[in-house]
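Participant:
Chains as they are written, first to last, in my numbering: chain A, 438 to 1129; chain B, 438 to 1129.
(1) Between the Cα of residue 874 of chain B and those of B/743, B/943, B/1090 and B/862, spot the shortest distance and give me the residue it belongs to.
(2) Hey, how far is the Cα of residue 1084 of chain B from the Cα of residue 1005 of chain B?
(3) Can you say whether residue 637 of chain B is buried or exposed, counting buried as having 16 or more other CB atoms within 10 angstroms of its CB?
(4) Counting contacts by CB-CB distance shorter than 7 Å, is residue 762 of chain B in contact with chain A?
(5) Mind pulling the chain B residues with CB within less than 7 Å of residue 889 of chain A?
(6) If I measure Cβ to Cβ from residue 1034 of chain B and keep anything under 8 Å in the same chain, skipping five residues before and after, which residues do I get?
(7) Can you find at least 3 beta carbon pairs, one from the segment 1063-1082 of chain B and one from the segment 685-703 of chain B, that sit closer than 8 Å?
(8) Listing by chain order, which chain B residues have their CB less than 8 Å from the CB of residue 1015 of chain A?
(9) Under three-state DSSP, which class holds residue 618 of chain A?
(10) Closest by CA to residue 716 of chain B, which one among B/679, B/1052, B/762 and B/750?
(11) If you pair each beta-carbon of the segment 806-824 of chain A with each one of the segment 984-1001 of chain A, do three or more pairs fall below 8 Å?
(12) I need the DSSP call for residue 558 of chain B, collapsed to helix, strand or coil.
(13) Check the Cβ-Cβ distances between residue 1092 of chain A and every residue of chain B, and say whether any is below 7 Å.
(14) For the beta strand (DSSP E) containing residue 839 of chain A, list its first residue and its last residue.
(15) Over what stretch of residues does the beta strand (DSSP E) that includes residue 764 of chain A continue unbroken?
(16) Roughly how many angstroms lie between the CA atoms of residue 913 of chain B and residue 922 of chain B, to the nearest whole one?
(17) Drop a sphere of 10 angstroms on the beta-carbon of residue 1116 of chain A, count the other beta-carbons inside from all chains shown, and report buried for 16 or more, exposed for fewer.
(18) Under 7 Å, Cβ to Cβ, is there at least one residue of chain A near residue 1010 of chain B?
(19) So residue 697 of chain B packs on residue 990 of chain B, CB below 8 Å; how close in whole Å?
(20) Taking 7 Å as the CB-CB cut-off, is residue 1050 of chain B touching chain A?
(21) Applying a beta-carbon distance threshold of less than 7 Å, which residues of chain B neighbour residue 647 of chain A?
(22) For residue 504 of chain B, is the classification buried or exposed, using 16 other Cβ atoms within 10 angstroms of its Cβ as the cut-off for buried?
(23) Assuming residue 1107 of chain A and residue 1051 of chain A are in contact, meaning their beta carbons sit under 8 Å apart, how far apart are those beta carbons, in whole angstroms?
(24) Using a threshold of 7 Å, state whether the C-beta atoms of residue 486 of chain A and residue 478 of chain A are closer than that.
(25) If you measure beta-carbon to beta-carbon, which residues of the segment 656-686 of chain A are closer than 7 Å to chain B?
(26) Alpha carbon to alpha carbon, how far is residue 781 of chain A from residue 977 of chain A?
(27) Is it true that the segment 792-808 of chain A meets the segment 704-722 of chain A, where meeting means three or more beta-carbon pairs spaced less than 8 Å apart?
(28) Could you tell me if residue 957 of chain B is buried or exposed, where buried requires 16 or more neighbouring beta carbons within 10 angstroms of its beta carbon?
(29) Starting from residue 992 of chain B and walking both ways along the beta strand (DSSP E), at which residues does that stretch end?
(30) Which whole-angstrom value is the C-beta distance of residue 517 of chain B and residue 559 of chain B, which I expect to be below 8 Å?
(31) Would you check if the distance between the CB atom of residue 1058 of chain A and the CB atom of residue 507 of chain A is smaller than 7 Å?
(32) State yes or no: is the C-beta of residue 597 of chain B nearer than 6 Å to some heavy atom of the ligand ADP?
(33) Apply the 10 Å Cβ neighbour rule to residue 945 of chain B and answer buried if 16 or more other Cβ atoms are within range, or exposed otherwise.
(34) Can you check which of these residues, B/839, B/941, B/1101 and B/651, is closest to residue 859 of chain B by C-alpha distance?
(35) Please classify residue 1041 of chain B as buried or exposed, where buried requires at least 16 neighbouring CB atoms within 10 angstroms.
(36) Rounded to the nearest angstrom, what separates residue 942 of chain B and residue 829 of chain B at their Cα positions?
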């Protein structure tokens, strides 16, 4: 029910499942799986056909940044290019009150200066296998949606576990076409990922929240990591060659990356629910969270540093969701959705076999949506919004779940998921107590206002205290900020957790039955029904339209194609690129006020820069949240740019793609080369990027 | 029924009458007459009160450019600053196939190099006198709207004639508050106006049609004239001091100038008529005209030069009217209009005296509008769209009209108007035959399609020929391109005109009865009714709301106040100013393609420029077509900028003013100073501007 954009949040990685299949691709539309690239469209419009070798090379050159973004290998020695805003979580975790890598940037001139990311996992997709037949077979004897749900869950866990044990690779089942297909994706997983370079946040995010999700744009939103294997820089066989010339106007370009979630073919009832219930509620919660963090941030420079990444992420989500919400309020968008659904329904109804098998699905989804609404407030307001509280809940559930058969565990605790989970649970990254107190206080105040003092969640958490008192007692009392304490509890198993008097653990134990009941209730009343109906609609769509299409986004590797191209904007034209001239213009135009000042490096060295150098550019590629950090490549698979955003007109892209003005925004390779060379004195890095 | 913007067309000067009074001014709203400045608002919001001396000085420093724009004196020696696009008509008329002053610009380094404008009249407002009582008294005995109309026309002509004979000054009656007040405005009139400086059109109109009516903007849309009196530069006692620093962000600024026409308080019925009938028809006709001229322009470089100004003007009108049209399609705009009207009506209805006197006005206007519609096609499609045809019509009507009593003449031929009319009729400016053939052909083809071959106008003009044949025969046969021929006919009077076998004169004679009948029919059935109803509504508004307000625009001197201020734009913020950096950015961003290339002077001398110099800026001032060339002044009455456009959000300003995003766009004095000094090598000019 919630959406997540450009940079995915960790929570979103779990919640952003996808349900529905997409319409046949129109102009440059689509986030295509690598097993089903849009060869026909590419041939027809661009007279280009990617070879299998091209596809394999691109796939193996791309990485998923598991804290919510994308990236690509850009040298033979494991160098990974992504966005500053994808790296900022790791930069934050390496920063202290004395050294602020987000604000000041970071550059390791030599390998020994590179710093380790505490909890960044990077994945490279090794193979994809269609396991639809096996999943479908496992559901054959299930009579009810609930039985189907359990059987599906069990067989998925089984396939993942088997694959992981056999290959040693991270193995994920991916639900495509809302259950029309199930695929086993196997990844090489890297957890020794070191920070090599990041510019100052002020140039990475020049223009701040106002310019976010807009264009023309002037950001150097880049960062470089290096992946290590066995303590040595990874010997990267597949990487993208650096093309500092970039791509010309109207040139064909591709974006391989990891779009997180789309809802292109949600039913009209689902969209209306989003418009009338889910998005307004989400906006309200995010505004509350933003207010809480801004007030905390205002307390001092250290508080501001601590909250920087959080505020960035929430403001980013707010602007994105506001754009989606406005999109759904647009009568033209809704009318198009209604028309598409009417045509689809008419096709299904015209065939008696399809009608019998699939026609109940729309109503079933509508009913599931209505059912979910009956307990919406609990879903929205039974939360502490706390980092420490989240860790406590993980620990309490972990020790219980791992004792169960794999197929019966709560989502997130299956055998194949445990390595990645433990990597996050035992992260040495700092926990900011003051911020956590502020977050919990804010969340509890909102809960109190929304569900009242007699709500069981509120009663358990507050236990007679004010929100602030409860938050302070919990955070100052807990020892969970220390990863060794967390590890000890987990190692001690159920008895250690049961015996703990850590207040966060105690609270997590008390809340655990309530949380489990909600998961179960949602599975039995909502997810099971929606998944079955989703599968029916997926099959109906294959039956009616064939598989000449792409599935909704699932934070798995996709290929989008398009052109470098300006667009009509606010009465005039937006150009296909911007230049350093534009950066200095925009800074001066605002008298360097607010988010429009320039780092001193830029002011002092501007005469060294070739002002004509392209800085950012736009393409028609169809992308969405999670694509942050994706490379833009040309037909020779050379890297020509770095996706970091979409324009304001693209925010409706969760629901529809409109080539008129939907644009992906990227940093130009020429700007990255020019800046590394002239401003950051990083000749080794430039040499490594350019040596082919 | 038609609207005209920023730069008024000559036809618009006649047709853009105003009918309705405006609502009490809100934030920075209003185009205030100098007899009724917004002192209360200025005091409340800005703690500034203009003195009478300040008002007089500003008024006498401002000029009306009678071909449709505004300007101001900026030196003690008659130097007038206005826009390149206001000057372009005169630049065009001084250009030939060998020297293109529009494209290449012009600079007179010494007085003897200054070139004369063939038909530019410049007016300076000397005094304003309220003559409402005299006009009202003259209507006292009239029983019908027609009788009122005739009496009003007669007394207005009488007052104007008397004043002109008494003072020697140009004397115009101005209808304010839709007839709530009548004022006598007296102007000093100058017709020896020489061109001193104009930059290349490519920098004056950088970004061309796409960037027109938008912001951020990068135009040096300036030109300098010098007014001569008795063969010597005018000794300007009142002129605006040049402030090259400009105004800061949020600074209070004023725009004194000549807004052409607004319809802020048209009735809802009138707006619906505009939305559903008038504006779509006007867009259709303009698109046709643009197509005709573009095809002609494509024939060669000389044709392109000839049509340049026309195409600029039509494209400008098209974009402006499209913006107005979209504004009327905006349901929020219409809802606001309906609400305002409902409140106004309710006030009138609640007072029995007002109800008796005024409540019939809305219906009367609605009926007049409906009546006009019955002969709409004749009004729209009985036209040759021809420069020579227009001159012929003027000559045929002139010789007949001047024999009548002043008060009974056709509009435009009253005694007080004759000097200005003759100045235009006998202008030595070139007439382009090829273009006129193209224009007539296009107009006749459209007439044929819209009113058919049996329409009397079409039959008279075509006389069995195709549109192209008729146009060619008329233009190649006429001698009217020679101003001496025109003068001879006029001097010969009715008998000379009756005896002429010049085909344009012959045609004008044949069409004359039809044209007179239409003028008469419109007077009797539409204008007389609408004027009477307009006066009623004007009085009703004074009664209900008092005179704490400003009248609709009438191409007479007005004062608007506001602030230098950016605004929310397309998801982000538009800055309050742009810089030369931005100019070079935008040019490079489009690879210098289309309307985004730079004159060679700019490419070759860019290292001389301080790129940080402010180029254009935006203010909240309420302006409209006709304000082009108006100065932007600070509270000290120093000139800080030069109005040349409004942003795309301001196009709805014909109907409503919304301070959120309605912005006037101006050239910054710093950019003009920098360019004159560093790029145009005009030190004398800079010296003259800066010497105070």
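Cβ atoms here follow ideal geometry from the backbone N, Cα and C, with glycine treated the same way.
Facilitator: In brief:
(1) Position 437 of the second chain, counted from the first residue, corresponds to residue 874 of chain B. Taking only the C-alpha atoms, the option nearest residue 874 of chain B is B/743.
(2) Locating residue 1084 of chain B in the second chain gives position 647, counting from the first residue. Locating residue 1005 of chain B in the second chain gives position 568, counting from the first residue. Rounded to the nearest angstrom, the two C-alpha atoms are 12 Å apart.
(3) Walking along the second chain from the start, residue 637 of chain B turns up at place 200. Buried: at least 16 other Cβ atoms inside 10 Å.
(4) Indexing the second chain from 1 puts residue 762 of chain B at position 325. Not a single C-beta of chain A is nearer than 7 Å to the C-beta of residue 762 of chain B.
(5) By 1-based counting over the first chain, the position of residue 889 of chain A is 452. The premise fails here: residue 889 of chain A is roughly 37 Å from chain B at the closest Cβ pair, so nothing lies under 7 Å.
(6) Residue 1034 of chain B sits at position 597 when you count from the first residue of the second chain. Result list for residue 1034 of chain B: 639 and 1024, in chain order.
(7) Enough Cβ pairs lie closer than 8 Å, so yes.
(8) Here residue 1015 of chain A corresponds to residue number 578 of the first chain, with the count starting at 1. Under the 8 Å cutoff, chain B gives 1022 and 1026.
(9) What you label residue 618 of chain A is simply residue 181 of the first chain in a count that begins at 1. In this structure, residue 618 of chain A counts as strand in the three-state DSSP scheme.
(10) Counted from its first residue, the second chain places residue 716 of chain B at position 279. That would be B/762, whose Cα lies nearest to the Cα of residue 716 of chain B.
(11) Using a C-beta cut-off of 8 Å, the segment 806-824 of chain A makes no contact with the segment 984-1001 of chain A, since fewer than three inter-stretch Cβ pairs fall below that distance.
(12) Against the second chain, residue 558 of chain B aligns to sequence position 121. Coil at residue 558 of chain B, not helix or strand.
(13) Taking the first chain and counting its residues from 1, the one referred to as residue 1092 of chain A is at position 655. For residue 1092 of chain A, the nearest beta carbon of chain B is not closer than 7 Å to its own beta carbon.
(14) One-based indexing of the first chain puts residue 839 of chain A at position 402. Element bounds for residue 839 of chain A: n/a, residue is neither H nor E.
(15) If you number the first chain from 1, residue 764 of chain A lands on position 327. No beta strand (DSSP E) contains residue 764 of chain A, which is instead part of the alpha helix (DSSP H) from 738-766.
(16) For the purposes of this step, residue 913 of chain B is taken as the residue at position 476 of the second chain. For the purposes of this step, residue 922 of chain B is taken as the residue at position 485 of the second chain. If you take the alpha carbons of residue 913 of chain B and residue 922 of chain B, they lie about 15 Å apart.
(17) Numbered from 1 along the first chain, position 679 holds the residue referred to as residue 1116 of chain A. By the Cβ neighbour-count rule, residue 1116 of chain A is buried, with 16 or more other Cβ atoms within 10 Å of its own.
(18) Along the second chain, read from residue 1 onward, the residue named residue 1010 of chain B stands at position 573. Chain A, which has a Cβ nearer than 7 Å to the Cβ of residue 1010 of chain B, makes this yes.
(19) As a first step, residue 697 of chain B is located in the second chain; it is residue number 260 there, counting from the start. As a first step, residue 990 of chain B is located in the second chain; it is residue number 553 there, counting from the start. Sure, about 6 Å apart at Cβ, within 8 Å.
(20) Stepping through the second chain from its first residue, residue 1050 of chain B is reached at position 613. Answer no: the Cβ-Cβ gap between residue 1050 of chain B and chain A never drops below 7 Å.
(21) The residue given as residue 647 of chain A occupies position 210 in the first chain. Within 7 Å Cβ-Cβ: 1009 and 1010.
(22) Here residue 504 of chain B refers to the residue found at position 67 of the second chain. The Cβ neighbour count for residue 504 of chain B, taken over all protein chains shown within 10 Å, is at least 16; the residue is labelled buried.
(23) Taking the first chain and counting its residues from 1, the one referred to as residue 1107 of chain A is at position 670. Taking the first chain and counting its residues from 1, the one referred to as residue 1051 of chain A is at position 614. Contact between residue 1107 of chain A and residue 1051 of chain A holds, since their C-beta atoms are separated by about 5 Å, short of 8 Å.
(24) Within the first chain, the letter at position 49 stands for residue 486 of chain A. Within the first chain, the letter at position 41 stands for residue 478 of chain A. Cβ atoms of residue 486 of chain A and residue 478 of chain A: not closer than 7 Å.
(25) So the list reads 686, given in the order they occur along the chain.
(26) Within the first chain, the letter at position 344 stands for residue 781 of chain A. Within the first chain, the letter at position 540 stands for residue 977 of chain A. Straight-line Cα distance between these residues: approximately 9 Å.
(27) Yes, the segment 792-808 of chain A touches the segment 704-722 of chain A.
(28) Here residue 957 of chain B refers to the residue found at position 520 when the second chain is read from its first residue. Under a 10 Å Cβ-count criterion, residue 957 of chain B is classified as exposed, with fewer than 16 other Cβ atoms of the shown protein chains found around its own Cβ.
(29) The sequence position of residue 992 of chain B within the second chain is 555, counting from 1. Run containing residue 992 of chain B: none; DSSP gives neither H nor E here.
(30) Counting from one through the second chain, the residue named residue 517 of chain B turns up at place 80. Counting from one through the second chain, the residue named residue 559 of chain B turns up at place 122. Indeed they touch by this definition, with Cβ atoms about 7 Å apart.
(31) Working through the first chain from its first residue, we reach residue 1058 of chain A at position 621. Working through the first chain from its first residue, we reach residue 507 of chain A at position 70. Annotated as distal: residue 1058 of chain A and residue 507 of chain A, with beta-carbon spacing of 7 Å or more.
(32) Of the ligands one can find in the structure shown there are none, so the ligand ADP has no counterpart to examine.
(33) Counting from 1 along the second chain, the entry for residue 945 of chain B is found at position 508. By the neighbour-count definition (other C-beta atoms within 10 Å, threshold 16), residue 945 of chain B is a buried residue.
(34) Position 422 of the second chain, counting from 1, holds the residue named residue 859 of chain B. Residue 859 of chain B has its Cα closest to that of B/839, out of B/839, B/941, B/1101 and B/651.
(35) Position 604 of the second chain, counted from the start, is the residue given in the question as residue 1041 of chain B. Counting Cβ neighbours within 10 Å, residue 1041 of chain B comes out exposed, since fewer than 16 surround it.
(36) Along the second chain, one-based indexing puts residue 942 of chain B at 505. Along the second chain, one-based indexing puts residue 829 of chain B at 392. When rounded, the distance between both Cα atoms is 5 Å.
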